[in-house]
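First to last, the sequence lines map onto chains A and B. Here my numbering is used: position 138 in the first sequence is 138, and no number is missing along the way. Take any residue in the second sequence, note its place counting from 1, add 250, and you have its number in my numbering. I have placed the structure first, in the form of structure tokens, so that the comments after it can refer back to it.
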Amino acid sequence: MKNNLYNYILTIADNSLILAQRLGELCGHGPTLETDIALTNISLDLLGQTRSYYQYAAKISGENKTEDDIAFLRIEREYKNCLLVEQPNTHFGFTIARQYLFDVYHLMLMEKLQQSPDETLAAIAKKGIKEVSYHKRFSSDWVKRLGDGTVESKEKMQEAIDALWRFTDELFFMTDAEKEMAKEGIGIDVSEFKSTYYEEVSEVLKEATLAVPESKYFTKGGKEGIHSEHMGYLLADLQYMQRTYPNMQW
Amino acid sequence: MTIIENPEIQANLIPILKTVSDPEIPVLSVLDLGVIREAVEKNGIVHIKLTPTYSGCPAMDVIGDDLKTAFSEIGKKTEVKLVLSPAWSTDWISEEGLKKMEKYGIARPLSESHDKDVLLGNKKMVKCPQCGSTNTHLVSQFGSTACKALFKCDDCQEPFDYFKCLK
């Protein structure tokens, strides 16, 4: 049971860590000063949530682990984030599409998780919900602005949505740890809000005058540790300090 | 604004707590900010419960260290515990804190419904802390720290921070 809870926490937290890392890459590189600050602010919120989850996971691991061990010292196969969040910041349209497609899911998950009988998870979710709803407001605004913008912005936004669409289904795929925790009433059955998710996303895409992708081809694997080719590079960047100077601290 | 839950703070500890401020808004003490959820002395150790404004607020670690330093200077040991629940709300900032904040150049948070309006750019309601005009506009939903948004006054042309409402 403890092992399931540990894995379950990582399933949620790794999404936040990896997305925070991706957004952090944009620090000083955002297309405008305002979006640069916004994306790194979102990154910081996600990293804060990650820390709370990892501290909890470290506590229940029973192995004298710290949050840093969990964040930095795992091998690629041990990260449980979905494929969507590890996709690169190809262009601003991709950054926004990735953010939006994740934010809708993330908020739905937080809303359920805040009712979990597990007090720590519920507290993290309650705190996070305020932040995540703000993220969604930002990303959905940009989806609409770019989609319903110039010919070029629309083209790029559509390109990003089309390219990332195949990663959305994985959000609702349940790993064994998720199934077990849902059965125990602590975890959330994410498959339950799949249709609501697609309804909401389609609504916003329509408002943004974008086409809702019809492709039924989906990829998965990240949640079980089978990541895309981008993950190795991301981890090299994320882990290099701990790998070069083991146990170093701020 | 009212404080929803009165944290248990021992009166003799208040003068010390007042000396510890938020490193990012140095005019506000941790008491003004409402992040101290408990401060009691038991068996010679000061137990403090601290709640973050935002999950990733980098000021929290610094505040924790500052609290320990402040109490160690009067020879007291401190244990600081971070608590997440109930989640911090801008309603917990004291009236005195709000006044200090405005004087410092940060516009105070509006009520929840008005906050949504101004952050979506629908209404002009945020008062410029420099000249008092409400003829202001949103520059960015995200500002210099997680808790603030960036505004500009269309009368005096000064840019300023607006402390976002968080409930």
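Every residue, glycine too, gets a C-beta built ideally from N, C-alpha and C.
{"Check": "Residues of the segment 37-56 of chain A with Cβ closer than 9 Å to any Cβ of chain B, in chain order", "Outcome": "Ile37, Ala38, Leu39, Thr40, Asn41, Ile42, Ser43, Leu44, Asp45, Leu46, Leu47, Gly48, Gln49, Thr50, Arg51, Ser52, Gln55"}
{"Check": "Buried versus exposed call for Val425/B [16 or more other C-beta atoms within 10 Å across all chains shown]", "Outcome": "Residue 425/B lies beyond the range of chain B shown here (251 to 417); nothing can be said about it."}
{"Check": "Where Lys112/A meets chain B, residues with beta-carbon distance less than 9 Å", "Outcome": "Near Lys112/A there are no residues of chain B at all, since even the closest Cβ is about 17 Å away, more than 9 Å."}
{"Check": "Helix, strand or coil at Ala399/B [DSSP, three-state]", "Outcome": "strand"}
{"Check": "Residues that Gly128/A contacts on chain B, provided the C-beta gap is smaller than 7 Å", "Outcome": "Ser305"}
{"Check": "Asp69/A, enclosing alpha helix (DSSP H) - first and last residue", "Outcome": "67-72"}
{"Check": "Length of the line joining the Cα atoms of Phe193/A and Trp342/B", "Outcome": "34 Å"}
{"Check": "Nearest candidate by alpha-carbon position, reference Gln114/A, set Asp36/A, Tyr105/A, Val104/A, Ala125/A", "Outcome": "Ala125/A"}
{"Check": "Members of the segment 373-396 of chain B near chain A, C-beta cut-off 9 Å", "Outcome": "Val389, Ser390, Gln391, Phe392, Gly393, Ser394, Thr395, Ala396"}
{"Check": "Glu178/A, buried or exposed, once every other Cβ within 10 Å from all chains shown has been counted against 16", "Outcome": "buried"}
{"Check": "Neighbour list for Lys123/A in chain B, Cβ cutoff strictly below 9 Å", "Outcome": "Reading off the sequence, residue 123/A comes out as Ala, not Lys. Those are Val333, Leu334, Ser335, Pro336, Ala337, listed as they occur along chain B."}
{"Check": "Inside the segment 33-117 of chain A only - beta strand (DSSP E) runs reaching at least 3 residues", "Outcome": "none"}
{"Check": "Limits of the unbroken beta strand (DSSP E) element including Gly409/B", "Outcome": "Note on residue identity: the sequence assigns Pro, not Gly, to residue 409/B. Residues 409-413."}
{"Check": "Given Leu109/A as reference, the closest of Ala58/A, Ser43/A, Ile9/A, Ile60/A once Cα atoms are compared", "Outcome": "Ile9/A"}
{"Check": "Residues that Phe138/A contacts on chain B, provided the C-beta gap is smaller than 9 Å", "Outcome": "Gln391, Phe392"}
{"Check": "Segments of 4+ residues assigned as alpha helix (DSSP H) that fall wholly inside the segment 107-181 of chain A", "Outcome": "119-147, 151-164"}
{"Check": "Own chain, CB closer than 7 Å to Ser273/A, minus 5 neighbours either side, in chain order", "Outcome": "One cannot answer for residue 273/A here, as it falls past the ends of chain A, which runs 1 to 250."}
{"Check": "Within-8 Å CB hit, Leu5/A to chain B", "Outcome": "no"}
{"Check": "Inter-residue Cα distance where the pair is Met251/B and Pro276/B", "Outcome": "Note that Met251/B scores a pLDDT of 36, beneath 50, so its modelled location is shaky; the value from the coordinates is reported in the next line. Rounded to whole angstroms, Met251/B to Pro276/B spans 22 Å at the Cα level."}
{"Check": "Contact belief for Val333/B with Thr303/B at Cβ below 8 Å, rounded distance in angstroms", "Outcome": "13 Å between Cβ atoms; not a contact."}
{"Check": "Cross-strand partners of Leu332/B (DSSP beta bridge)", "Outcome": "Leu300/B"}
{"Check": "Same chain, Cβ closer than 7 Å to Ile60/A, neighbours up to 5 away in sequence not counted", "Outcome": "Lys2, Leu5, Tyr6"}
{"Check": "Cross-chain neighbours of Leu278/B in chain A, by beta carbon under 7 Å", "Outcome": "Result: empty, since nearest Cβ-Cβ is about 20 Å, beyond 7 Å."}
{"Check": "Chain-ordered neighbours of Glu131/A on chain B, where CB pairs are closer than 7 Å", "Outcome": "Tyr304, Ser305"}
{"Check": "Contact with chain B by Glu76/A, beta-carbon distance below 8 Å", "Outcome": "no"}
{"Check": "The segment 353-372 of chain B touching the segment 267-286 of chain B, judged by at least three CB pairs closer than 8 Å", "Outcome": "yes"}
{"Check": "Through-space distance from Gly232/A to Glu25/A, alpha-carbon basis", "Outcome": "15 Å"}
{"Check": "For Ile129/A, the nearest candidate out of Trp142/A, Arg145/A, Tyr105/A, Gly147/A (CA to CA)", "Outcome": "Tyr105/A"}
{"Check": "Reduced DSSP secondary structure (H/G/I, E/B, other) of Pro265/B", "Outcome": "helix"}
{"Check": "Where the alpha helix (DSSP H) containing Ser16/A begins and where it ends", "Outcome": "2-24"}
{"Check": "beta-carbon His135/A near the ligand PLP non-hydrogen atom, thresh 7 Å", "Outcome": "Absence of the ligand PLP is noted for the structure shown, with no ligands found whatsoever."}
{"Check": "Cβ-Cβ separation, His227/A to Gly221/A (assumed contact under 8 Å), whole Å", "Outcome": "7 Å"}
{"Check": "Where the segment 398-417 of chain B meets chain A: residues whose CB sits under 9 Å from a CB there", "Outcome": "Leu400, Lys414, Leu416, Lys417"}
{"Check": "CB contact check: Glu67/A to chain B, cutoff 8 Å", "Outcome": "no"}
{"Check": "Extent of the continuous beta strand (DSSP E) run through Lys292/B", "Outcome": "286-292"}
{"Check": "CB contact below 8 Å: Glu25/A versus chain B", "Outcome": "no"}
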